[in-house]
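Report on the structure given below.
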Amino acid sequence: MRYIRSALYLDFDNVFSGIFKLDPKVAIQFASNPRTWLRRLSTALTEDAERRWLILRCYLNPAGHVEVPGESRVYFSRFRTAFVRAGFEVVDCPRYNATKNGADIKIVVDALDALWGDAVHEEFVIASGDCDLTPLLHRLRRADRRTVIVSSADTAEAFTASADQVLDSQWLLALVQGELVDFDDEADAADEAAAGDAGGSAGAQLVSADQDEAYQAFRSLVTAEYDNASTPLNMAALAQQVRDRLGGVINETDWFGFHGFARAVNSLNLPHLRMSQHLLWDESRHVAPADAVTMSWGAVLPEPIERLAELTGLPRLPQESWPAIYRTLSDYVHAHQFNLTECTGWSRDRLREQGHAVSRKTVAFVARGTAYGGCPLYQQPPPTAEQIAVAFVRNVLNRAEEQELTLTEDEIAMVRTWLGAEVPVQVEAATVEPDFNGPVPDDQNRE
């Protein structure tokens with residue numbers, strides 16, 4: 001069996017903090033039993049090879065801590081032994097000032113040492129959402145090394161676009177919990193395409209000249225599969241087949257500029273094409289699946305919403321879908337013991353039953369946004385749909401500001417209306433808030 005010679009650099013504070021905001025129980029599981037998720041990561045997003053970890057490094061601030069409900073203060077140093085036993089080299093990164101612990105600098109130095117060392121590392125796995133590491137990804141790409149980002153939080157597009165593959169928070173939580181990862185299917189591009197292609201048909205967009213050859217290969221492959229299919233085609237399987245045949249051009253061009261498999265297929269203008277969240281078929285030859293929620297391609301997003309979608313990754317959904325998502329998430333947290341992985345799947349299924357072609361990826365996007373907006377779904381008492389809406393929109397607007405997207409008061413009002421959070425609702429901050437820097441050790445107060 002062939003192995004991929006890989007190096008893993010884990011910014012513990014960054015990844016742990018992101019998971020903790022989403023689901024504290026899973027965060028503790030992640031930190032307490034790294035051997036389990038590391039074993040699963042060794043085969044994640046690989047085709048016919050398993051990763052062989054030549055380097056395993058965990059960069060950790062031992063003085064960082066969290067307040068866990070029902071327990072005393074938990075310091076990050078408690079998890080050192082678990083990572084050592086899992087084969088990691090643990091690198092202490094006490095903070096330099098109120099916000100920085102130097103982990104990103106050490107990761108860059110160590111990764112470049114590995115790049116220039118005697119051993120050949122085919123792949124660099126960077127477990128961090130710190131966009132300051134973007135130049136490192138550029139340098140590794142110039143050296144023809146494969147790069148994978150593992151991030152528990154929404155990260156800058158420039159950062160994720162610089163990597164060959166990205167494992168987001170849903171992937172990471174599933175790896176920790178041993179769940180089946182079924183939300184990376186390209187067909188779940190209903191979150192971008194189901195109702196919300198600005199400007200109508202994706203076919204109106206133009207593929208650049210330097211992409212044309214690959215796009216024509218894409219057209220030939222999909223058209224052949226479509227013409228020869230005797231039953232509806234599974235979009236996830238077809239998307240993976242395209243990836244296997246065309247390789248890195250898919251990530252490099254983000255599906256030829258269409259930002260998703262579903263919209264790229266729609267651009268081909270195949271005769272009699274119909275698409276649901278998971279299937280595509282020829283309505284003149286195939287029997288439509290009984291439970292299919294057909295995608296709508298004609299809706300036009302308001303200009304401020306389209307700008308947000310381009311800059312922040314906001315799913316391109318029709319206006320009526322947003323309140324349904326908030327209600328469904330609230331229904332889940334009021335009826336179940338919170339588990340984010342279960343929550344996203346359950347909510348997607350309920351939404352499809354209601355006629356909303358919303359993907360699991362989109363549900364996860366809203367759950368993350370709600371947490372970062374100050375209203376994590378695990379908080380007690382469980383949040384209402386109105387509280388979820390306000391927290392999510394607050395995070396969307398905060399991210400827009402971080403991306404230096406200027407919106408007028410009228411445009412902000414339009415965003416609130418479109419996303420279903422017009423009425424101000426008091427959102428109580430979560431009672432569990434981690435301190436990832438921890439106290440300053442005495443020896444750091446000495447000159």
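Read in order, the letters of the sequence shown correspond to residues 1 to 447 in full-length UniProt numbering. Ideal Cβ placement from N, Cα and C applies to all residues, glycine included.
Asked                                                                                                       : Found
Between the CA atoms of residue 416 and residue 409 - distance to the nearest angstrom                      : 11 Å
Rounded straight-line distance, which links the Cα of residue 304 to that of residue 411                    : 6 Å
Residue burial classification, residue 420 (beta-carbon count within 10 angstroms, cutoff 16)               : buried
Cα-Cα separation between residue 40 and residue 178, rounded to whole angstroms                             : 8 Å
Spatially closest choice to residue 451 from 3, 56, 142, 165, by CA coordinates                             : Residue 451 is absent from the model: the chain starts at 1 and stops at 447.
Residues that residue 234 bridges to, as DSSP identifies them                                               : 279
Run of the beta strand (DSSP E) containing residue 54, from where it starts to where it stops               : 50-60
Proximal residues to residue 250 (C-beta, below 6 Å), its chain only, five neighbours per side dropped      : 243
C-alpha distance - residue 262 paired with residue 235, whole-angstrom precision                            : 8 Å
Buried or exposed by the 16-neighbour rule on C-beta atoms within 10 Å, applied to residue 360              : buried
Start and end residues, beta strand (DSSP E) containing residue 67                                          : 65-67
Per-residue DSSP class, three states only, for residue 17                                                   : helix
Proximity winner among 338, 324, 341, 368, relative to residue 353 (alpha-carbon distances)                 : 324
Residue environment, residue 364, which counts as buried when at least 16 other CB atoms sit within 10 Å    : buried
Own chain, CB closer than 8 Å to residue 252, minus 5 neighbours either side, in chain order                : none
Cβ-based burial, residue 109 [other Cβ within 10 Å; buried from 16]                                         : exposed
Among 357, 348, 308, 320, the one whose alpha carbon lies nearest that of residue 406                       : 308
Buried/exposed call for residue 35, threshold 16 Cβ in 10 Å                                                 : exposed
N- and C-terminal bounds of the alpha helix (DSSP H) containing residue 81                                  : 80-85
Coarse secondary structure for residue 125, derived from DSSP in three states                               : strand
Where residue 165 falls: helix, strand or coil (DSSP)                                                       : strand
Any 3 or more C-beta pairs closer than 8 Å across the region 133-142 and the region 19-35                   : no
Reference residue 163; option with closest CA among 176, 169, 123                                           : 123
Counted within 10 angstroms of its Cβ, other Cβ atoms place residue 168 as buried (16 or more) or exposed   : buried
Own chain, CB closer than 8 Å to residue 85, minus 5 neighbours either side, in chain order                 : 35
Integer-rounded CB distance, given that residue 366 should sit under 8 Å from residue 392                   : 6 Å
Nearest-angstrom Cβ-Cβ length linking residue 7 and residue 60, presumed shorter than 8 Å                   : Their Cβ separation, rounded to whole angstroms, is 17 Å, which puts residue 7 and residue 60 out of contact at 8 Å.
Completely contained beta strand (DSSP E) runs for the region 295-352, where each covers 3 or more residues : none
Rounded C-alpha distance that separates residue 81 from residue 373                                         : 33 Å
Environment of residue 272 [buried if 16+ CB atoms lie within 10 Å]                                         : exposed
Contact set for residue 288: own chain, Cβ-Cβ below 7 Å, skip 5 residues either direction                   : 274, 281
Minimum C-alpha distance to residue 422 - residue among 402, 394, 404, 398                                  : 394
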